[in-house]
Amino acid sequence: MSNLKNSRPTLTRSLTSLSLTGVLLLLGVTGCEKDPVKKKPPELADVTVQKAAEEEVTDFEDFTGRLEAVKKVDLQARVTGFLEKVNFTEGGMVKKDEVLFEIDPRPYKAELDKADASVVQAKARLNRLESDTNRAQALLRSRSISKEEYEKVIGDLAEARAAVGVAEAGRESAALFYNYTKVKSPIAGRVSRTMIDPGNLVKADMTHLTMIVSATPIYAYFDVDERTHLRLQRLLSERKIPAMGNNKVPVRLSLADEIDFPHGGFIDFEDTYIDSATGTRRMRGVFENEKGLFTPGMFVRVRLQVGLPYKATVISEQGVGTDQSEKFVYVVDAKNDVEKRMVKTGALWKGRRVILKGLKSGELVVVSGLQKVRTGKNAPKVNPIEQPIGPAAAVELSTKLPEIKAQEKK
Numbered sequence: 022m023s024n025l026k027n028s029r030p031t032l033t034r035s036l037t038s039l040s041l042t043g044v045l046l047l048l049g050v051t052g053c054e055k056d057p058v059k060k061k062p063p064e065l066a067d068v069t070v071q072k073a074a075e076e077e078v079t080d081f082e083d084f085t086g087r088l089e090a091v092k093k094v095d096l097q098a099r100v101t102g103f104l105e106k107v108n109f110t111e112g113g114m115v116k117k118d119e120v121l122f123e124i125d126p127r128p129y130k131a132e133l134d135k136a137d138a139s140v141v142q143a144k145a146r147l148n149r150l151e152s153d154t155n156r157a158q159a160l161l162r163s164r165s166i167s168k169e170e171y172e173k174v175i176g177d178l179a180e181a182r183a184a185v186g187v188a189e190a191g192r193e194s195a196a197l198f199y200n201y202t203k204v205k206s207p208i209a210g211r212v213s214r215t216m217i218d219p220g221n222l223v224k225a226d227m228t229h230l231t232m233i234v235s236a237t238p239i240y241a242y243f244d245v246d247e248r249t250h251l252r253l254q255r256l257l258s259e260r261k262i263p264a265m266g267n268n269k270v271p272v273r274l275s276l277a278d279e280i281d282f283p284h285g286g287f288i289d290f291e292d293t294y295i296d297s298a299t300g301t302r303r304m305r306g307v308f309e310n311e312k313g314l315f316t317p318g319m320f321v322r323v324r325l326q327v328g329l330p331y332k333a334t335v336i337s338e339q340g341v342g343t344d345q346s347e348k349f350v351y352v353v354d355a356k357n358d359v360e361k362r363m364v365k366t367g368a369l370w371k372g373r374r375v376i377l378k379g380l381k382s383g384e385l386v387v388v389s390g391l392q393k394v395r396t397g398k399n400a401p402k403v404n405p406i407e408q409p410i411g412p413a414a415a416v417e418l419s420t421k422l423p424e425i426k427a428q429e430k431k
């Protein structure tokens with residue numbers, strides 16, 4: 022027992038020294054460690070943004086149409102004969118009354134000369150009978166001839182006058198056919214190829230020679246669906262659009278290689294009924310073709326105004342996303358936080374999308390780098406790079422973007 026009692030102080034001292042040693046070792050290890058490395062803040066994602074702008078826009082509907090010439094003539098011969106000359110360049114422009122074809126005129130010139138001679142003959146007989154009538158009147162007064170003989174002279178005079186009329190009409194007919202040997206263009210426009218070569222026989226009112234179409238103005242026919250037709254009728258009843266007919270309702274046109282609708286015209290015709298087979302109503306626009314861009318038969322896009330101009334917010338189409346059936350945009354606020362905003366969109370206006378609801382003018386919308394954007398409570402901020410609205414500005418910005426990034430890092 023005495024040994025056990027004596028050993029307790031020694032054991033206690035040993036445990037105490039071990040504890041102190043462990044504490045010192047821990048302190049030493051802790052003292053030897055370096056200060057913790059500070060983590061760098063994450064680099065902000067570069068996104069291109071545009072300011073939503075307020076503009077005066079007009080609602081419209083787009084349709085597919087086809088161009089047709091205002092005037093089109095299938096040129097045929099009016100007389101029979103052998104074709105001698107072709108006086109035009111195929112596919113070129115011709116003037117009104119320009120001689121295009123020449124048919125052998127000799128048979129018709131002979132008929133015209135014969136008719137001229139008949140007129141001279143008839144007039145000579147008329148002159149002789151007029152003299153006979155004057156003498157017969159004097160003889161009748163002196164009772165040198167009977168009344169029956171006088172009436173015969175008067176009758177011969179009337180027949181002579183009628184014969185002159187017949188001869189003159191025959192001459193006019195012969196002159197008409199003689200003139201038909203020179204086939205003239207009835208309109209000004211572009212002429213097609215010739216359908217028959219010189220030396221061939223052409224038959225009156227049967228042989229097709231060529232076709233001529235007018236160049237300017239030109240028609241654009243398009244079909245308006247029943248829904249748009251009803252909308253136009255309601256706008257018309259509310260006097261928000263002018264009535265067609267006497268008023269020139271504006272319409273725009275775009276060719277296959279054009280993005281915008283640069284060509285202006287007006288509606289001059291709408292059909293009297295809706296086609297039951299297609300549910301559409303045909304309309305026609307008139308467009309000037311001074312530059313010769315329009316060719317009959319072309320497919321075109323036609324833009325018809327439906328309503329009066331109004332103020333609306335517009336943004337680039339590339340900034341609008343689709344979530345199932347709903348549209349949304351990413352909006353960057355003053356703190357460079359991103360918010361996903363559901364919006365109601367309208368029609369395209371000059372290459373930009375009209376926003377009817379959910380966005381205000383002046384707000385910044387992400388238009389490029391959408392895949393870098395995160396939204397939510399703890400979402401990272403972004404580095405917005407503002408881009409002016411317009412395709413030319415977008416191209417310029419894309420070329421300068423690396424330089425802008427390098428300057429921002431400095």
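Residue numbers for the sequence shown follow this note's numbering, beginning at 22 and rising by one. For every residue, glycine included, the Cβ atom is placed at its ideal position computed from N, Cα and C. As the structure is a prediction and not an experimental result, all values here were calculated from the model.
Practice prompt. Decide if Ala-159 is buried, meaning its Cβ has at least 16 other Cβ atoms within 10 Å, or exposed.
Written response: The residue is exposed, with fewer than 16 neighbouring Cβ atoms inside 10 Å.
Discussion item. Going by DSSP, what residue range makes up the alpha helix (DSSP H) through Tyr-199?
Written reply: 168–201
Worksheet entry | Option in Asp-177, Glu-132, Ala-181 with minimal Cα separation from Ser-194 | Glu-132
Fill in: Backbone CA spacing between Ala-209 and Ser-297 [nearest angstrom]
38 Å
Worksheet item: Are the Cβ atoms of Val-68 and Val-394 separated by less than 8 Å?
Response: yes
Practice prompt. Please look up how many angstroms separate the CB atoms of Phe-109 and Val-115, rounded, as I've assumed it's under 8 Å.
Written response: Contact between Phe-109 and Val-115 holds: their C-beta atoms lie close to 6 Å from each other, under 8 Å.
Practice prompt. Just tell me which of Ala-368, Lys-365, Leu-251 has its CA closest to the CA of Gly-300.
Written response: Leu-251
Worksheet item: In the DSSP assignment, what residue or residues form a beta bridge with Arg-362?
Response: Val-350
Worksheet entry | Sub-8 Å separation of Ala-73 and Glu-384 beta-carbons | yes
Fill in: Strand pairing of Tyr-242, partner residues [DSSP]
Arg-87, Arg-305
Fill in: Of the listed residues Val-353, Ala-368, Pro-271, Glu-407, nearest to Thr-396 (C-alpha basis)
Val-353
Practice prompt. Please list, in chain order, all residues of the same chain as Glu-54 whose beta carbon is under 7 Å from its beta carbon, the five residues on each side excluded.
Written response: Low confidence applies to Glu-54: its pLDDT is 49, below 50, so where it sits in the model is not reliable enough to give any reading.
Practice prompt. Have a look at the DSSP bridge pairing and note the partners of Gln-71.
Written response: Val-386
Fill in: Beta-carbon separation (whole angstroms), Arg-362 vs Leu-380, contact threshold 8 Å
6 Å
Discussion item. To test your reading of the DSSP string, which unbroken beta strand (DSSP E) runs of 3 or more residues are found completely within the region 314–342?
Written reply: 320–326, 331–337
Worksheet item: Would you call Arg-302 buried or exposed, if buried means 16 or more other Cβ atoms sit within 10 Å of its Cβ?
Response: buried
Item to complete: Could you tell me the distance, in whole angstroms, from the CA atom of Lys-168 to the CA atom of Thr-154?
Response: 12 Å
Fill in: Nearest neighbour of Ile-262, chosen from Pro-219, Arg-273, Phe-290, Gln-326 [CA to CA]
The residue with the shortest Cα to Cα distance from Ile-262 is Gln-326.
Discussion item. What does the alpha-carbon distance come out to for the pair Gly-318 and Asp-278?
Written reply: 16 Å
Item to complete: May I have the straight-line CA-CA distance separating Leu-276 from Glu-309, to the nearest angstrom?
Response: 14 Å
Worksheet item: How about Ile-245 and Phe-81: are their beta carbons less than 8 Å apart?
Response: It is Val, not Ile, that sits at residue 245 in the sequence shown. In this structure, Phe-81 does not lie closer than 8 Å to Val-245 by Cβ.
Worksheet item: Is it a yes or a no for the region 172–182 touching the region 144–153, going by three-plus beta-carbon pairs under 8 Å?
Response: yes
Fill in: Close beta carbons around Phe-103, own chain, < 6 Å, minus the five adjacent residues each side
For Phe-103, where only same-chain residues beyond five positions count, the Cβ hits under 6 Å are Asp-125, Leu-222.
Fill in: Per DSSP, the bridge partner or partners of Met-232
Asp-95
Practice prompt. Ignore the nearest five residues each way along the sequence and tell me which others in Phe-243's own chain have a CB closer than 7 Å to its CB.
Written response: Phe-84, Thr-85, Gly-86, Met-304, Val-323
Worksheet item: Would you call Tyr-199 buried or exposed, if buried means 16 or more other Cβ atoms sit within 10 Å of its Cβ?
Response: buried
Worksheet entry | Own chain partners of Asp-118 with C-beta closer than 7 Å, once the 5 adjacent residues on each side are dropped | Only Lys-205, Ser-206 meet the Cβ criterion.
Worksheet entry | Element boundaries [beta strand (DSSP E), containing Asn-404] | 403–407
Fill in: Residue of Leu-314, Val-141, Tyr-171, Lys-371 minimising C-alpha distance to Val-475
Lying outside 22 to 431, the shown extent of the chain, residue 475 is not represented and no answer is given.
Fill in: Counted within 10 angstroms of its Cβ, other Cβ atoms place Gly-355 as buried (16 or more) or exposed
The displayed chain sequence assigns Ala, not Gly, to residue 355. Burial call: exposed.
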